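Undergrad: Handing you this structure, nothing more for now.
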Amino acid sequence: MIPGDFRVPKISPKILLISGLGTLITLVILIIAVLFIGSAWWTQPLFGFDEGPDQPIAFKHSPHVKDLGMKCTYCHRFGTEGAAAAAIPPVEFCMSCHRVVGDDNKEIKKIRDAYSGGKPTLTKCYLQ
0 MIPGDFRVPK ISPKILLISG LGTLITLVIL IIAVLFIGSA WWTQPLFGFD EGPDQPIAFK
60 HSPHVKDLGM KCTYCHRFGT EGAAAAAIPP VEFCMSCHRV VGDDNKEIKK IRDAYSGGKP
120 TLTKCYLQ
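Residue numbers (numbering that gives the first Met the number 0): 0 to 127.
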């Protein structure tokens, strides 16, 4: 036999419970963090996606893209390939068609008013 004291102190159940709960809470936090980071990296984020200030013009893509068959690059000439979001076109791009189209639409009237007033764009900054 090997000489020495082989008595191991017994760990109290309270300490075992606290360390077990701490480990469980740490694992849950790590799993949630991995899910949030993974969803933001490979898919749409869980919170805050596509949120921003209300824009001055209620623009709808469907009349332009679906009904008229316009390509995205007609208006969004920069930032459409490989980007998360396309650049918003200036008012002059809108006016290339809407000088003669859409007389009865109040949103197009806003574009025309901005164009005649010399405003380059009608969007609100997301960083304000």
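A virtual CB, placed ideally from N, CA and C, is assigned to each residue, including glycine. As the structure is a computational prediction, the values presented were derived from the model and not from experiment.
For ILE87, which option in PRO12, HIS75, GLY19 and ARG98 has the closest C-alpha, if you only look at C-alpha atoms?
TA: Taking only the C-alpha atoms, the option nearest ILE87 is HIS75.
Undergrad: Alpha carbon to alpha carbon, how far is VAL64 from ILE17?
TA: Using only the alpha carbons, I get a separation of about 59 Å.
Undergrad: What residue does the alpha helix (DSSP H) around LYS108 start on, and which one ends it?
TA: Run containing LYS108: 105-115, per the alpha helix (DSSP H) assignment.
Undergrad: Quick check on MET94: does DSSP put it in helix, strand or coil?
TA: Helix.
Undergrad: Could you say which of ASN104, LEU29, TYR114 and ALA85 lies nearest to SER95 if we only look at CA atoms?
TA: Per the Cα distances, TYR114.
Undergrad: Reducing DSSP to helix, strand and coil, say where LEU152 ends up.
TA: This structure leaves residue 152 out entirely; the chain is present only between 0 and 127.
Undergrad: Suppose you measure from the CA of GLY68 to the CA of ASP112; what does that come to, to the nearest Å?
TA: The alpha-carbon atoms of GLY68 and ASP112 are separated by roughly 26 Å.
Undergrad: Please classify LYS118: does DSSP put it in a helix, a strand, or coil?
TA: Three-state result, LYS118: coil.
Undergrad: In the structure shown, what three-state DSSP assignment does ILE14 receive?
TA: Of the three classes helix, strand and coil, the one that applies to ILE14 here is helix, per DSSP.
Undergrad: Rounded C-beta distance between VAL90 and ILE107? I'm assuming under 8 Å.
TA: Contact doesn't hold; Cβ gap of about 11 Å is too wide.
Undergrad: Rounded to the nearest angstrom, what separates LYS70 and VAL100 at their Cα positions?
TA: Straight-line Cα distance between these residues: approximately 18 Å.
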